[in-house]
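Novice:
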Amino acid sequence: MIRYLLTPEAHRDPYVWAAVLMAHFAIGAMLWPLVGWWVALIYTAFEAVQATRVRLLAWDSVLDWCGVMLGAAFVWQVVAGDYWMATAAAVCALCIAAVGAGTRWKEPA
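Following the working numbering, the numbering of the sequence shown begins with 3 at its first residue and continues without gaps.
As structure tokens, then:
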């Protein structure tokens, strides 16, 4: 799983695609208590460095970044006591995962 998280790739398997997105959500949720709003700067820099070292898949970087930011926003809003906004962040991540996985789903022949 770590390989999938650190390798820019257009995941074709719907389960892997959704799992990688939700893993990035979890990364953001874990980073927020550690570094606060710096998570945005740190993770953006990480994605930029990764993009220069391996082949660039812009949508993969954007998707990973969105997952991390939604995870951080989720924990931020839970800590702030705004459970509606925390729920909104979680629902956004789940909707992105569902739509992305759904577009990759292929019925067996």
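Note that CB positions come from ideal geometry on N, CA and C, so glycine has one too.
Inspect the CB distances between the stretch 82-91 and the stretch 59-70 and report whether three or more fall short of 8 Å.
Specialist: The stretch 82-91 vs the stretch 59-70: no contact.
Novice: Can you tell me whether W19 is buried or exposed? The criterion is at least 16 other CB atoms within 10 Å of its CB, across all chains shown.
Specialist: Position 17 of the sequence shown holds residue 19. The residue is buried, with at least 16 neighbouring Cβ atoms inside 10 Å.
Novice: For A95, does the count of other Cβ atoms within 10 angstroms reach 16, so buried, or fall short, so exposed?
Specialist: Position 93 of the sequence shown, counted from the start, is the residue given in the question as residue 95. Buried, because 16 or more other Cβ atoms sit within 10 Å of the Cβ of A95.
Novice: Whole angstroms are fine: how far does the CA of A25 sit from the CA of L43?
Specialist: On the sequence shown, residue 43 is found 41 positions in, with the first residue counted as 1. On the sequence shown, residue 25 is found 23 positions in, with the first residue counted as 1. Roughly 19 Å separates the two Cα atoms.
Novice: Does the beta-carbon distance from A74 to W107 come in below 8 Å?
Specialist: Working through the sequence shown from its first residue, we reach residue 74 at position 72. Working through the sequence shown from its first residue, we reach residue 107 at position 105. Their beta carbons are not under 8 Å apart, which means A74 does not touch W107 by this criterion.
Novice: Could you give the distance in angstroms between the alpha-carbon of W78 and the alpha-carbon of A88?
Specialist: Numbered from 1 along the sequence shown, position 76 holds the residue referred to as residue 78. Numbered from 1 along the sequence shown, position 86 holds the residue referred to as residue 88. Distance between the alpha carbons of W78 and A88: 8 Å.
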